[in-house]
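Have a look at the structure below before the remarks.
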Amino acid sequence: MNFRHIIMGALASFASLSAVHAAEPALKSLPQQQGAQEKQAQLKATVDQLIAPLMKQYGVPGMAVAITDHGKHYVFNYGLASRETGQTVNNDTLFEIGSVSKTLAVTLTTYAQAQGKLALTDSVSQHLPYLRGSSFDHVSLINLATHTAGNFPMQVPDAIKNEAQLMTYFKQWKPADAAGTHRTYSNLGIGLLGIVTANSLGTTFAQAMEQQLFPALGMTHSYINVPPAQMQHYAQGYNGRNQPVRVNPDVLADEAYGVKTTASDLLRFVDANLGLVKFGAPLQEAVRATQTAYFKVGALTQDLVWEQFPASSKLPGLLTSVDDKIVFESNPATSITPPLPPQTDVLIHKTGSTGGFGAYVLYSPGKQTGIVILANRGYPGAERVTVAYRILEQLDKP
Numbered sequence: 090m091n092f093r094h095i096i097m098g099a100l101a102s103f104a105s106l107s108a109v110h111a112a113e114p115a116l117k118s119l120p121q122q123q124g125a126q127e128k129q130a131q132l133k134a135t136v137d138q139l140i141a142p143l144m145k146q147y148g149v150p151g152m153a154v155a156i157t158d159h160g161k162h163y164v165f166n167y168g169l170a171s172r173e174t175g176q177t178v179n180n181d182t183l184f185e186i187g188s189v190s191k192t193l194a195v196t197l198t199t200y201a202q203a204q205g206k207l208a209l210t211d212s213v214s215q216h217l218p219y220l221r222g223s224s225f226d227h228v229s230l231i232n233l234a235t236h237t238a239g240n241f242p243m244q245v246p247d248a249i250k251n252e253a254q255l256m257t258y259f260k261q262w263k264p265a266d267a268a269g270t271h272r273t274y275s276n277l278g279i280g281l282l283g284i285v286t287a288n289s290l291g292t293t294f295a296q297a298m299e300q301q302l303f304p305a306l307g308m309t310h311s312y313i314n315v316p317p318a319q320m321q322h323y324a325q326g327y328n329g330r331n332q333p334v335r336v337n338p339d340v341l342a343d344e345a346y347g348v349k350t351t352a353s354d355l356l357r358f359v360d361a362n363l364g365l366v367k368f369g370a371p372l373q374e375a376v377r378a379t380q381t382a383y384f385k386v387g388a389l390t391q392d393l394v395w396e397q398f399p400a401s402s403k404l405p406g407l408l409t410s411v412d413d414k415i416v417f418e419s420n421p422a423t424s425i426t427p428p429l430p431p432q433t434d435v436l437i438h439k440t441g442s443t444g445g446f447g448a449y450v451l452y453s454p455g456k457q458t459g460i461v462i463l464a465n466r467g468y469p470g471a472e473r474v475t476v477a478y479r480i481l482e483q484l485d486k487p
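Mind the numbering: the sequence shown is residues 90 to 487 in this note's numbering, read in order.
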């Protein structure tokens, strides 16, 4: 059986939908029920029409799409979690989410701040004594969380194999630009932020995420290290040559792109960012703090990891953030002083990739809608943004 038949057969046989109704009356009138059913059917038709050709064009074996509409959830699953076993994507399938992990990592940082363990305005060297007297005396945790530390390379240099070598690199590092003047997207900044945060909490990053943040958020199927009992649910990723791959345990992998989760679990995190899930004061404060805006970079407003645009900018605005110039180059950044508190009339998003997976999250605080799209093969960021935006557009229709 050829690959095209596998994909199309999987789409026809295994596309599934689950709807969870949150905070609704126990009884509905018949017209209300019919209206909800019609909207659900229209939404499913829209998702089907957008996802099927995308999977075919880019050879994506499996995808999961999770949508929240004022706290009402829809989860659509497509295709294969593994070509080798024939296992289909379902609500328990775990995907690598790449740099979407950074949004959770920075939430751990703001959670630590809310508990009095650190302050975002602290310098890095305040928390890592080995780096005192280095350039990190003048780099704040805000700079790490907004990619404005001073022009790190995007990836950890290949020669660095352990944390000791990493710290030596940081000790010798000299910024190309003064902190807070340019935005250069990098795994090193968020990775270092993860180290600082874990140290402030007196544990490792993986333990802090798995034992503190995920449980506090109610994310019961999210991991840094997938436990043996959950490996059966871990999707197989595929690289550009269609070879099966999973993320390597490289230096800073946990901190920068290490989360594995389900579409439903990640959607709960979106709900938290929309204010639809209520927590105790420290965590509520922490989640909200990540949407504070610190820098402007062209059309992009840089929050703590999250990328924000005015809702009026619509799809063209969102697409600017996946342009190669923004992703791979250093761009002048203008400080927002004082920082802008969380806004309503905005679109907030984040892309993520590993060698065998592609992820995307988009949400609208004003409309109380959001979407998660997970795939076990990479495909262009512009396609992710466009498909997600088109799906959320459907929610606006009467």
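Backbone N, C-alpha and C define an ideal beta-carbon position, used for all residues, glycine too.
Which of helix, strand or coil DSSP assigns to residue i
{"i": "Ala208", "result": "coil"}
{"i": "Val450", "result": "strand"}
{"i": "Ile460", "result": "strand"}
{"i": "Thr350", "result": "strand"}
{"i": "His271", "result": "strand"}
{"i": "Asp266", "result": "coil"}
{"i": "Ser424", "result": "strand"}
{"i": "Gly470", "result": "helix"}
{"i": "Ser419", "result": "coil"}
{"i": "Leu217", "result": "coil"}
{"i": "Leu341", "result": "coil"}
{"i": "Leu363", "result": "coil"}
{"i": "Leu481", "result": "helix"}
Residue i and residue j closer than 7 Å at C-beta
{"i": "Thr157", "j": "Ala375", "result": "no"}
{"i": "Ser419", "j": "Asn240", "result": "yes"}
{"i": "Ala134", "j": "Val195", "result": "no"}
{"i": "Pro428", "j": "His271", "result": "no"}
{"i": "Val394", "j": "Thr192", "result": "yes"}
{"i": "Ala155", "j": "Val178", "result": "no"}
{"i": "Ser214", "j": "Ser229", "result": "no"}
{"i": "Gly441", "j": "Val334", "result": "no"}
{"i": "Ile425", "j": "Ala382", "result": "yes"}
{"i": "Ala295", "j": "Asn314", "result": "yes"}
{"i": "Phe184", "j": "Ala324", "result": "yes"}
{"i": "Tyr449", "j": "Ile437", "result": "no"}
{"i": "Pro150", "j": "Gly168", "result": "yes"}
Residue-chain proximity (residue i, chain B), Cβ-Cβ < 7 Å
{"i": "Leu183", "result": "Among the chains in the structure shown there is no chain B, since it carries only a single protein chain."}
Strand pairing of residue i, partner residues [DSSP]
{"i": "Ala155", "result": "Val164 and Val461"}
{"i": "His438", "result": "Glu396 and Leu451"}
{"i": "Glu185", "result": "Lys349"}
{"i": "Thr177", "result": "Leu169"}
{"i": "Pro510", "result": "There is no way to answer for residue 510, as the model of the chain reaches only from 90 to 487."}
{"i": "Tyr200", "result": "In DSSP, Tyr200 forms no bridge with anything."}
{"i": "Ser223", "result": "DSSP, once it has assigned bridges, lists no residue as partnering Ser223."}
{"i": "Tyr312", "result": "Lys349"}
{"i": "Leu429", "result": "Ala382"}
{"i": "His229", "result": "Note on identity: in this sequence residue 229 is Ser, with His being the wrong assignment. According to DSSP, Ser229 bridges with Ser212."}
Per-residue burial, residue i [other beta carbons within 10 Å of its own, 16 or more giving buried]
{"i": "Met243", "result": "exposed"}
{"i": "Leu116", "result": "Confidence at Leu116 is low in this model, with a pLDDT of 47, below 50, so the placement of that residue should be treated as unreliable; the coordinate-derived value is given next. Burial call: exposed."}
{"i": "Arg221", "result": "exposed"}
{"i": "Thr182", "result": "buried"}
{"i": "Ala477", "result": "buried"}
{"i": "Phe259", "result": "buried"}
{"i": "Ser275", "result": "buried"}
{"i": "Ser353", "result": "buried"}
{"i": "Glu396", "result": "buried"}
{"i": "Pro317", "result": "exposed"}
{"i": "Phe417", "result": "exposed"}
{"i": "Arg330", "result": "exposed"}
Any non-hydrogen atom of the ligand ADP closer than 6 Å to residue i Cβ
{"i": "Pro371", "result": "With respect to the ligand ADP, the structure offers nothing, as it holds no ligand at all."}
Which ranges does the alpha helix (DSSP H) cover as unbroken runs of at least 4 residues, wholly within the stretch 277-308, from first to last along the chain?
Correct list: 294-297 and 303-306.
Secondary structure, alpha helix (DSSP H): runs of 4+ residues fully inside the stretch 371-411:
Segments of the alpha helix (DSSP H) lying fully in the stretch 371-411: 403-409.
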